[in-house]
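J.:
This is the structure in structure tokens:
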């Protein structure tokens with residue numbers, strides 16, 4: 186009795202298959218790396234006399250960051266300069282006497298050597314004083330300071346982190362099977378979890394010539410513009426890029442496909458005329474057309490975000506069921522309700538799901 190009763194229409198969501206041009210998409214994960222990045226240190230020890238920067242400040246190459254106390258070094262420099270000046274006077278005097286043959290050539294050379302040595306000592310002291318003025322080695326953005334006013338620092342102690350952020354490198358790895366797909370100049374797209382919905386573009390600028398014998402992966406490096414400093418060194422990134430020529434494919438949401446070991450299938454929606462004498466649950470006669478579904482096996486290809494390419498078995502414009510598949514059978518009647526349906530984006534994020 187119940188088998189002969191008319192079945193109610195199943196509420197489903199639907200999607201019209203689209204024809205698109207897809208290239209072979211490659212995906213990877215990587216890490217952003219500063220083109221130049223270092224902890225600024227000092228070559229000479231001393232007491233911090235002046236802090237000339239603020240944390241987070243952008244600076245140009247050569248900008249003074251820290252000055253160390255140089256009082257003792259300046260006093261020593263004055264003494265050495267005086268000694269060098271006296272040695273130069275004596276050198277010139279002995280040269281004049283040497284021309285008149287009043288002193289030996291050895292004595293003239295000795296005075297010249299003494300003058301050169303005294304000047305070298307003064308120059309070395311000047312260089313030491315210059316080392317106590319610590320400057321930015323390149324343009325970039327400063328981090329948090331690691332020294333305080335009045336603190337004694339030793340040679341090599343870190344003072345502040347300096348990172349060059351624009352442009353910025355993105356290092357990522359790919360399996361060795363893809364080494365023929367990656368070329369310098371290939372455009373890439375990157376996204377980071379901390380900036381949902383944003384995509385950053387760049388180009389591959391270097392490829393590691395050696396494959397890692399342990400992982401069988403090779404490294405590639407892309408360069409991206411970063412004028413707003415949104416991308417920071419050490420940040421994890423999702424990378425994708427296209428290879429090869431574009432191919433025409435039929436695209437549907439992955440939720441429309443029943444993936445099975447014996448073959449993948451979809452439910453295709455068709456409009457058919459109702460059979461004569463067809464009645465609803467209350468026994469009232471039904472007329473006109475209705476929507477029904479039929480299961481169809483398809484071949485699927487590459488995926489991109491929420492979408493999958495169908496390489497055989499489906500044409501552009503055909504409508505497929507995207508939700509409610511478990512309630513369906515061949516020739517089941519359906520009604521379409523697309524108010525709530527799965528997302529169909531090539532770049533899904535938590536916000537658009």
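In the numbering used here, the protein residues as written are 186 to 538.
Ideal placement from N, C-alpha and C gives every residue a C-beta, glycine not left out.
Give the list of continuous alpha helix (DSSP H) stretches no shorter than 4 residues that lie fully inside the segment 270 to 316.
T.: Listed in chain order, they are 290 to 316.
J.: Given this structure, state the Cα-to-Cα distance separating residue 281 from residue 307, to the nearest angstrom.
T.: Their backbone Cα atoms lie some 25 Å apart in a straight line.
J.: Take the Cβ of residue 346 as the centre, count every other Cβ of all protein chains shown within 10 Å, and call the residue buried at 16 or more, exposed below.
T.: Result: buried.
J.: Once the 5 residues before and after residue 482 are set aside, which same chain residues still bring their CB inside 8 Å of it?
T.: Excluding positions up to five away in sequence, the list reads 448, 449, 450, 498.
J.: Can you tell me whether residue 398 is buried or exposed, with buried defined as 16 or more other CB within 10 angstroms of its CB?
T.: Its Cβ having fewer than 16 others within 10 Å, residue 398 is exposed.
J.: Whose C-beta lies closer than 8 Å to the C-beta of residue 325 among residues of the same chain, with five residues either side of it excluded?
T.: Excluding residues within five positions, the ones whose Cβ falls inside 8 Å are 219, 221, 222, 243, 244, 347, 348, 349, 350.
J.: For residue 360, which residues of its own chain have a beta-carbon under 7 Å away from its beta-carbon, when the five flanking residues on both sides are left out?
T.: So the list reads 401, 402, once near-sequence residues are dropped.
J.: Return helix, strand or coil for residue 187, following the three-state DSSP convention.
T.: Low local confidence applies: a pLDDT of 42 at residue 187 is under 50, so the model's placement there is unreliable, with the coordinate-based value given in what follows. Correct three-state label for residue 187: helix.
J.: Given a cut-off of 8 Å, decide if residue 426 and residue 371 are closer than it, judged by their beta-carbon atoms.
T.: For residue 371 and residue 426, yes; Cβs fall inside 8 Å.
J.: What are the boundary residues of the beta strand (DSSP E) that includes residue 227?
T.: Note, residue 227: premise wrong, no beta strand (DSSP E); not H, not E.
J.: Answer yes or no: do residue 331 and residue 231 have a C-beta to C-beta separation smaller than 8 Å?
T.: The answer is no: Cβ separation not under 8 Å.
J.: Which residues in the same chain have their Cβ closer than 7 Å to the Cβ of residue 319, if we skip the five residues on either side of it in sequence?
T.: If we look at residue 319 and ignore the five residues flanking it on each side, its Cβ neighbours are 225, 227, 250, 251, 344.
J.: How is the beta strand (DSSP E) around residue 478 delimited, first residue to last?
T.: Taken as a continuous stretch (DSSP letters only), the beta strand (DSSP E) holding residue 478 covers 474 to 489.
J.: Closest to residue 432 by CA distance: which of 285, 197, 496 is it?
T.: Nearest of 285, 197, 496 to residue 432, Cα basis: 496.
J.: Measuring only the C-alpha atoms, how far is residue 395 from residue 404?
T.: Rounded to whole angstroms, residue 395 to residue 404 spans 8 Å at the Cα level.
J.: Helix, strand or coil for residue 393? Go by DSSP, reduced to three states.
T.: In the structure shown, residue 393 sits in coil (DSSP, three-state: anything other than H, G, I, E or B).
J.: In whole angstroms, give me the CA-to-CA distance for residue 368 and residue 409.
T.: Cα to Cα, the separation comes out at about 16 Å.
J.: Pair every Cβ in the segment 193 to 202 with every Cβ in the segment 502 to 509, then say whether three or more of these pairs are closer than 8 Å.
T.: Yes: the two stretches touch, three or more of their Cβ pairs being nearer than 8 Å.
J.: Spatial neighbours of residue 339 within its chain, please: C-beta separation below 7 Å, excluding the five flanking residues on both sides.
T.: Cβ neighbours of residue 339 beyond the five flanking positions: 230.
J.: Report, in whole angstroms, the separation of the C-beta atoms of residue 436 and residue 212, which I expect to be a contact under 8 Å.
T.: The Cβ separation is near 17 Å, so there is no contact.
J.: Please state the DSSP three-state secondary structure of residue 417.
T.: Looking at residue 417 - three-state DSSP - the assignment turns out to be coil, as it is neither helix nor strand.
J.: DSSP on residue 266, reduced to helix/strand/coil?
T.: Note: residue 266 maps to helix in three-state DSSP.
J.: Can you name, in chain order, every residue of its own chain whose Cβ lies under 7 Å from the Cβ of residue 352, other than the five neighbours on each side?
T.: These residues qualify, in order along the chain: 220, 408, 409, 410, 411.
J.: Taking the alpha-carbon positions, what's the residue 357 to residue 329 distance?
T.: About 28 Å.
J.: Identify the continuous beta strand (DSSP E) that holds residue 495 and give its terminal residues.
T.: Its beta strand (DSSP E) spans residues 492 to 497.
J.: On the DSSP letters alone, give me the boundaries of the beta strand (DSSP E) that residue 354 sits inside.
T.: 343 to 360 is the extent of the beta strand (DSSP E) around residue 354.
J.: DSSP state of residue 410, grouped into three classes?
T.: Residue 410 falls in the coil class under three-state DSSP.
J.: Quick one: what does DSSP say residue 512 is sitting in, helix, strand or coil?
T.: Three-state DSSP puts residue 512 in a helix.
J.: What separation, rounded to the nearest whole angstrom, lies between the Cα atoms of residue 289 and residue 321?
T.: Their backbone Cα atoms lie some 51 Å apart in a straight line.
J.: Under 8 Å: do the segment 485 to 496 and the segment 506 to 520 share three or more Cβ pairs, one atom per stretch?
T.: No, because fewer than three Cβ pairs between the segment 485 to 496 and the segment 506 to 520 fall closer than 8 Å, the two stretches do not touch.
J.: Around the C-beta of residue 458, are 16 or more other C-beta atoms found within 10 angstroms, so that it is buried, or is it exposed?
T.: By the 10 Å Cβ count, residue 458 comes out exposed.
J.: Bridge partners of residue 438, per DSSP?
T.: The partner list for residue 438 (beta bridge, DSSP) reads 492.
J.: Is residue 480 near residue 522, with beta carbons less than 8 Å apart?
T.: In this structure, residue 522 does not lie closer than 8 Å to residue 480 by Cβ.
J.: Confirm, please, whether the CB-CB distance from residue 272 to residue 299 is below 8 Å.
T.: In this structure, residue 272 lies closer than 8 Å to residue 299 by Cβ.
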